[in-house]
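Protein chains in written order, with the numbering used here: chain A, 259 to 388; chain G, 1297 to 1386.
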């Protein structure tokens, strides 16, 4: 049933220059890591939390931070053309399995989380004063 | 001039709301498609050939969004073309 609410979508397309593509290709190549660290598979992953600030920064610079934006990336110079990669937040199941079996890795992950919590708390304090 | 065309001609949000008949709420939504890595396709036709599968995907994921292409299938992003689609929320 029609409830009388209409959305008028206006789509604006922005095609960005080669310089921007180069930056994003470099970032993808930097953050790329194997999905399965124990085997030499061709599946790779990128931590979405690490690359997201780059997209946010770009949208902010373009003055699009307050609107809905969909970014389509077609990297041409990612390590190999046959490479399969995707975005993931956090660890892959293989990495989690490794961490659960490795005492040293577990400690490192806990330390990182504690440090991130501290940074987050300090940031909140600064935000309150500024 | 159609309702959509009037709205498209104005960036004014209030004007967008003002032109709709009473008893109906129309919400203007702006969606930006930012294309990165398509710069090497200088040729308009080639560019549209490469972009079409991406746009098809957008229309599959967001069925209420329609990306405007020219009748001949060509596409020119530099002109920042606009399209207005009316979607009835059910």
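Ideal placement from N, C-alpha and C gives every residue a C-beta, glycine not left out. Source: prediction; values computed, not measured.
Proximity of chain G to residue 333(A) at the Cβ level (cut-off 9 Å) is accounted for by 1332 and 1333, in chain order. If you draw a straight line from the Cα of residue 318(A) to the Cα of residue 302(A), it comes to about 28 Å. In this structure, residue 1331(G) and residue 272(A) form a Cβ contact; the two beta carbons are roughly 7 Å apart against a cut-off of 8 Å.
Taking the beta carbon of residue 1349(G) as reference, no residue of chain A falls within 9 Å; the closest one sits roughly 10 Å away. By the CB criterion at 7 Å, residue 312(A) and residue 285(A) fall inside the cutoff. Taking a Cβ-Cβ threshold of 7 Å, the residues of chain G close to residue 329(A) are 1330 and 1332, in chain order. Scanning 344(A), 321(A), 369(A) and 267(A) for the CA closest to the CA of residue 1325(G) turns up 267(A).
As a beta-bridge residue in DSSP terms, residue 291(A) pairs with 303(A). Here residue 327(A) carries a strand assignment [DSSP, helix/strand/coil].
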